[in-house]
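Asker: My questions will all concern the structure given below.
Protein chains in written order, with the numbering used here: chain A, 51 to 414; chain B, 129 to 431; chain C, 429 to 706; chain D, 4 to 429.
Structure, rendered in structure tokens:
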């Protein structure tokens with residue numbers, strides 16, 4: 051059963067529409083990550099879920115209730131903010147117990163709940179402190195503690211890790227995931243960082259310009275992006291995208307790109323011959339061997355286990371991720387092999403994924 | 129489809145109640161107390177006074193409607209233009225004087241020094257003491273040829289100046305006292321603005337080879353520009369509407385040289401018992417101020 | 429210009445400069461205080477700034493022979509009252525202006541500017557009639573109300589400027605935690621507004637404590653007069669008694685001075701005129 | 004919230020009670036039937052005046068338990084605003100004292116209840132004969148007695164005998180001698196004459212015009228400020244003193260108190276002031292002498308004087324009680340002189356003996372100056388409302404300041420004339 055259901059949700063400020071009719075079901079216990087570049091409407095969507103923004107049109111259901119006009123306090127949700135939003139004039143314990151005190155829970159219940167949450171998050175020794183006496187990571191934990199204490203139906207996270215340094219972010223990422231595994235509360239998590247999305251989510255919802263671009267399990271999105279946007283957004287380093295035209299020769303198909311190379315395609319593309327497409331190949335699916343793709347090298351970036359080669363093909367930038375060590379002189383032209391089974395083809399005009407006749411048959 | 133999908137939207141609920149329950153009324157409720165007192169203390173009297181300005185009312189009775197008579201009489205009266213002239217001089221000199229003094233001291237106060245907190249309060253004293261008190265003491269210091277000021281002047285070999293007897297000196301001293309009374313506010317506000325400037329801007333400027341003077345000119349001033357404009361506008365309003373300084377020091381004299389609009393309105397209303405003209409003067413003041421402020425704000429926005 | 433690069437010597441040099449500036453600027457006040465410890469004859473006789481004799485005669489006179497301490501008490505009532513009213517009204521309105529948008533709010537905010545320009549002399553007669561009808565002349569209530577309104581625009585801007593510095597997310601968190609919007613204001617925003625409210629309070633108090641014109645119309649009875657009005661009457665009755673006048677002036681300054689010393693670290697908040705743009 | 008309000012109200016009440024008891028010196032237990040009257044008295048003297056007046060009121064209250072009068076002293080600054088706002092808002096007192104023309108002006112506004120009945124009674128029992136001749140009639144306006152005289156105020160010249168002696172100057176008898184003496188006395192930071200720029204200063208102008216047989220109005224109440232040559236001549240005389248450098252240069256900016264202090268300090272030899280002023284002079288009191296009335300160039304004498312009075316307001320709810328008080332006050336106000344040392348000259352001749360007792364200068368003024376006193380209305384018999392505005396509005400002060408600044412009479416006078424005309428036209 052869906053814990054959260056959003057139907058045809060729209061949000062506009064005056065004439066400016068931010069969300070263009072978004073529909074989304076979130077099943078109970080799932081960890082859903084809304085991801086997208088800034089301004090895509092993901093935060094607005096989350097805030098509407100929380101009741102912090104009014105609904106222009108459409109419906110939001112949480113549990114069995116339509117909550118469009120319900121106050122945040124009556125939605126049975128908890129939210130963790132980007133800035134943590136800890137009340138500076140309250141101690142950690144007071145911060146965490148605030149919602150329970152508002153509900154006039156008995157002191158015994160409050161103490162029990164706060165203790166439980168503090169233990170889960172390792173905050174027990176920090177309870178008498180004030181937020182200003184805490185480090186960034188500790189504050190982050192208190193913010194989560196405040197959410198946990200309430201036993202809400204839904205957790206909402208609004209970019210909770212973006213104020214932390216890189217190392218702490220990785221650590222907290224794992225902690226949040228662990229927490230979710232332990233509590234199994236439905237969670238909606240907003241981030242602009244696709245790695246966070248990939249590592250934490252049960253399901254990722256990629257948003258762009260106030261619409262859902264694609265949703266699915268992390269690896270599903272990685273393996274089969276439906277649009278150029280998703281293809282470029284998910285994965286790091288991001289997918290190489292080369293413009294070209296579908297050509298055929300001797301019954302095999304390929305895409306002819308700017309520098310004249312014809313990049314190999316698998317399967318039957320006869321329907322698309324002559325069409326302008328975007329040829330997508332992830333950096334890790336390019337290797338040494340055949341000369342499928344001749345790249346003019348700009349920079350070599352060795353990281354130890356891998357070597358990243360940054361270069362250009364025609365006018366397009368290309369990244370190659372080699373599992374081996376390599377050393378090329380700048381401006382040298384190097385040939386690489388493409389793993390044809392991992393090629394993505396998109397309509398150059400609409401940006402949507404194109405499928406060869408054979409692949410289609412395979413999929414069904 | 130899930131269970132919830134079957135539920136129909138809550139069409140029956142009244143939208144007004146909904147609006148109320150959502151806390152949308154809150155901003156209006158928050159404004160209510162101040163709106164009510166403003167309504168009682170300003171709006172009602174405002175329209176009443178507007179009505180007076182078109183009549184020949186006295187303090188005791190509402191007079192006949194005389195159209196624009198009060199206004200036309202005013203604009204052709206010497207006293208009005210005399211008050212206009214002094215109001216402009218007073219406001220202009222006060223704003224400029226306060227700004228220069230206030231900014232200078234704010235810059236000094238923005239530097240590290242021992243006992244900074246004490247200086248901050250000490251420099252606010254002229255602002256925090258009642259006008260009646262400070263003006264009495266100023267009067268005592270300047271009124272006479274052997275008063276403190278003149279003692280000092282004579283100490284340096286000057287001839288005593290009769291500050292309150294000469295038109296120009298009287299204007300000077302009224303402006304000086306007004307600056308003295310109001311610069312601390314300017315200083316305080318500018319100090320807050322200065323403290324709000326990002327220090328890295330100065331570091332960047334220093335790396336770019338800017339001298340202190342250039343850093344002041346190209347970093348400090350632009351950063352406090354908006355605050356400065358607002359402060360100067362406020363100061364203008366407060367100067368034009370200042371009653372205490374000229375009234376308590378000179379009563380507008382000598383020979384009306386320190387009579388501003390408020391004093392003139394006061395004189396008409398309370399001494400000549402001519403409420404109509406008194407009200408008309410106040411409205412002319414209000415209109416002049418509004419036109420000035422609107423022009424300044426528009427220019428600020430364009431710039 | 430790095431502000432901390434001053435050497436120790438430079439700081440003390442600056443200190444010396446500031447001492448001179450403070451002395452020059454506060455010269456009139458120093459004169460008042462110094463002369464309050466001399467009898468009138470001594471003041472008139474030697475007319476020097478530094479007292480040659482030291483006596484408490486003037487203060488004894490004020491204590492025993494005049495209503496000065498009643499004025500002081502009235503002033504505290506009036507200023508305290510209008511401070512409480514002003515801070516309450518201004519904080520609510522300032523919060524509304526800081527957090528909400530809409531045509532009503534923008535009209536209100538513009539109206540504040542006009543009120544700021546409004547010459548209060550215009551309103552005095554109609555107001556006097558109203559408050560007379562309510563039998564409130566010589567009572568602190570009308571004065572408190574009028575003072576509240578007169579300083580309301582600026583107090584509101586100050587409050588708004590301060591609320592603008594408090595992150596909205598705090599209230600949103602409170603709302604999610606179970607507060608209504610108003611509760612969030614009361615329980616989260618207001619407790620955090622101490623410094624800002626302190627600044628607004630000082631401003632309100634100062635304005636009311638020092639105001640002369642409105643008070644002189646409404647407070648006629650010697651038993652209801654505030655310090656400035658009483659001082660003015662004092663100047664009539666004891667016109668040539670400079671000693672008592674200076675002593676009264678000194679005493680009049682003390683309450684605000686103490687108040688300022690107490691809250692001096694907050695006063696710069698009051699000057700966040702950046703928020704005054706309306 | 005509610006309880007707070009109640010507390011506030013109770014404190015206000017407590018205030019009022021406290022104030023009432025402290026001012027009246029009576030217990031708050033006055034019964035419900037007692038009539039309460041508000042009496043506003045101007046401050047007619049030094050602090051001891053207020054004490055004397057309060058004591059008289061206390062005596063009245065003791066003598067009349069059914070009438071309780073509340074005394075309040077009104078400062079001179081903004082007195083006009085005080086009364087007019089009070090009248091316009093319905094919070095006027097029952098009785099007040101007032102300077103020269105306040106009664107007629109307020110009468111014209113409809114605020115005054117004439118004392119006709121009371122004065123008829125006083126006439127009948129002969130009490131009215133006690134008043135200085137003409138003073139009661141002066142306050143008759145529109146066929147009503149708008150108020151009852153209590154004190155006469157007058158301006159006269161004082162000089163410092165020691166200064167004159169040191170300079171070898173005889174007290175001047177004519178304007179010409181005065182100007183010459185003033186010039187001779189001006190040296191070493193001392194000046195012949197000191198004046199002020201306030202209302203007290205404008206009395207220099209009024210007094211000298213009347214001294215010269217001039218005046219602001221003719222018998223038909225027409226303004227003759229600049230058309231009467233005697234006025235111009237008088238102003239030219241003052242102007243000449245300024246031109247000679249004999250006038251203290253601080254004069255235009257001085258208040259009456261500054262002027263007095265300067266005169267007492269011996270920095271000027273002549274000053275125009277009210278009777279009794281030497282009593283404030285402390286140690287130098289004996290070195291202040293009254294200058295005998297001077298003759299103008301045409302042989303005239305004269306100076307400005309006012310009949311100050313006590314009046315009843317229309318808003319009073321108890322006219323009988325108010326009349327009782329006015330009459331009682333009028334008959335029992337002698338301590339204002341004997342204890343309060345007011346500078347006024349009693350309107351009742353029976354008070355004169357006690358008032359002037361042991362004070363030769365005071366007696367001299369009563370004998371020699373009162374007879375030559377004239378009102379601002381001058382040639383017009385009686386007084387009229389606009390006089391109050393003419394004197395109080397600031398036109399004359401401006402004229403005075405200009406004259407003392409050395410602005411030529413021909414430049415200053417027309418402006419003053421047109422401003423006064425504007426007031427009269429209204």
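In this text, a Cβ means the ideal position worked out from N, Cα and C, and glycines have one as well.
Can you name the residues that DSSP bridges to residue 250 of chain D?
Answerer: D:196
Asker: I want to verify the contact list: residues of chain A whose CB lies under 7 Å from the CB of residue 598 of chain C, in sequence order.
Answerer: Here the neighbours are 135 and 137.
Asker: Within 10 Å of its beta-carbon, does residue 464 of chain C have 16 or more other beta-carbons around it, so buried, or fewer, so exposed?
Answerer: Under this definition residue 464 of chain C is a buried residue.
Asker: Below 8 Å, how does it come out for the region 113 to 131 of chain A and the region 166 to 184 of chain A: are there three or more Cβ pairs, yes or no?
Answerer: no
Asker: With the cut-off set at 7 Å, would you say residue 225 of chain B and residue 307 of chain B are in Cβ contact?
Answerer: yes
Asker: Residue 694 of chain C and residue 627 of chain C: beta carbons closer than 7 Å?
Answerer: yes
Asker: Please classify residue 363 of chain A as buried or exposed, where buried requires at least 16 neighbouring CB atoms within 10 angstroms.
Answerer: Result: buried.
Asker: Looking only at DSSP bridge pairs, what is residue 385 of chain A linked to?
Answerer: A:344
Asker: Please check if any C-beta of chain C sits within less than 7 Å of the C-beta of residue 94 of chain D.
Answerer: yes
Asker: Suppose only complete runs of 4+ residues qualify. What are the alpha helix (DSSP H) ranges in the region 86 to 168 of chain A, listed by chain order?
Answerer: Fully enclosed alpha helix (DSSP H) runs of 4 or longer: 92 to 100 and 142 to 152.
Asker: Within its chain, find whatever has a CB closer than 8 Å to the CB of residue 290 of chain B; leave out the 5 residues flanking it on each side and keep chain order.
Answerer: 273 and 297
Asker: Determine whether the beta carbon atoms of residue 338 of chain A and residue 348 of chain A lie at a separation below 7 Å.
Answerer: no
Asker: CA-CA distance, residue 391 of chain A and residue 75 of chain A?
Answerer: 32 Å
Asker: Terminal residues of the continuous alpha helix (DSSP H) containing residue 120 of chain D?
Answerer: 119 to 127
Asker: Is there a Cβ of chain C sitting closer than 7 Å to that of residue 372 of chain B, yes or no?
Answerer: yes
Asker: What are the boundary residues of the beta strand (DSSP E) that residue 75 of chain D is part of?
Answerer: 70 to 77
Asker: Please report the straight-line C-alpha distance between residue 217 of chain B and residue 391 of chain B, rounded to a whole angstrom.
Answerer: If you take the alpha carbons of residue 217 of chain B and residue 391 of chain B, they lie about 15 Å apart.
Asker: Over what stretch of residues does the alpha helix (DSSP H) that includes residue 221 of chain D continue unbroken?
Answerer: No alpha helix (DSSP H) holds residue 221 of chain D; DSSP gives it neither H nor E.
Asker: How long is the line joining the alpha carbons of residue 162 of chain B and residue 295 of chain B, rounded to whole angstroms?
Answerer: 43 Å
Asker: In terms of residues, what are the limits of the alpha helix (DSSP H) holding residue 85 of chain D?
Answerer: 82 to 91
Asker: Give the interface partners of residue 242 of chain B over in chain C, defined as CB-CB distance under 8 Å, in chain order.
Answerer: 439, 440 and 443
Asker: When you compare only the Cα positions, how much space is there between residue 312 of chain D and residue 158 of chain D?
Answerer: 17 Å
Asker: Hey, quick one: how far does the beta strand (DSSP E) through residue 328 of chain A stretch, first residue to last?
Answerer: Segment 326 to 331, the beta strand (DSSP E) holding residue 328 of chain A.
Asker: When DSSP builds the beta bridges, which residues end up paired with residue 156 of chain D?
Answerer: D:309
Asker: Considering only the alpha carbon of each residue, which of D:63, D:387 and D:37 lies closest to residue 223 of chain D?
Answerer: D:387
Asker: If I follow the unbroken alpha helix (DSSP H) through residue 276 of chain D, where does it start and stop?
Answerer: Unbroken run through residue 276 of chain D is the beta strand (DSSP E), 271 to 276; no alpha helix (DSSP H).
Asker: Do residue 350 of chain D and residue 134 of chain D have their C-beta atoms within less than 7 Å of each other?
Answerer: yes
Asker: Closer than 8 Å by C-beta to residue 295 of chain A: which residues in its own chain qualify, once you throw out the five before and the five after it? Chain order, please.
Answerer: So the qualifying residues of the chain are 305, 306, 324, 325, 326 and 327.
Asker: Take the Cβ of residue 28 of chain D as the centre, count every other Cβ of all protein chains shown within 10 Å, and call the residue buried at 16 or more, exposed below.
Answerer: The pLDDT assigned to residue 28 of chain D is 37, lower than 50, so where the model puts this residue is not dependable; a value taken from the coordinates is nonetheless given after this. Using a 10 angstroms sphere on the CB of residue 28 of chain D, the tally of other CB atoms stays under 16, which defines it as exposed.
Asker: Among A:290, A:180 and A:125, which one has its Cα closest to the Cα of residue 389 of chain A?
Answerer: A:290
Asker: Do you know whose CA, among C:603, C:569 and C:659, lies nearest residue 78 of chain D's CA?
Answerer: C:659
Asker: Is the Cβ of residue 651 of chain C closer than 7 Å to any Cβ of chain B?
Answerer: no
Asker: Given a cut-off of 7 Å, decide if residue 160 of chain A and residue 149 of chain A are closer than it, judged by their beta-carbon atoms.
Answerer: no
Asker: Given that a residue counts as buried once 16 or more other Cβ atoms are within 10 Å of its Cβ, and exposed if not, what is residue 119 of chain D?
Answerer: When all chains shown are included, residue 119 of chain D counts as exposed.
Asker: Do the region 197 to 204 of chain D and the region 255 to 271 of chain D touch if we need at least three Cβ pairs shorter than 8 Å?
Answerer: yes
Asker: Kindly list the residues whose CB is nearer than 8 Å to the CB of residue 32 of chain D, restricted to its own chain and excluding five residues on each side of it in sequence; keep chain order.
Answerer: Note that residue 32 of chain D scores 41 on pLDDT, short of 50, meaning its location in the model is unreliable; the coordinates nonetheless yield the value given after this. Excluding sequence neighbours, residue 32 of chain D sits near nothing in its chain.
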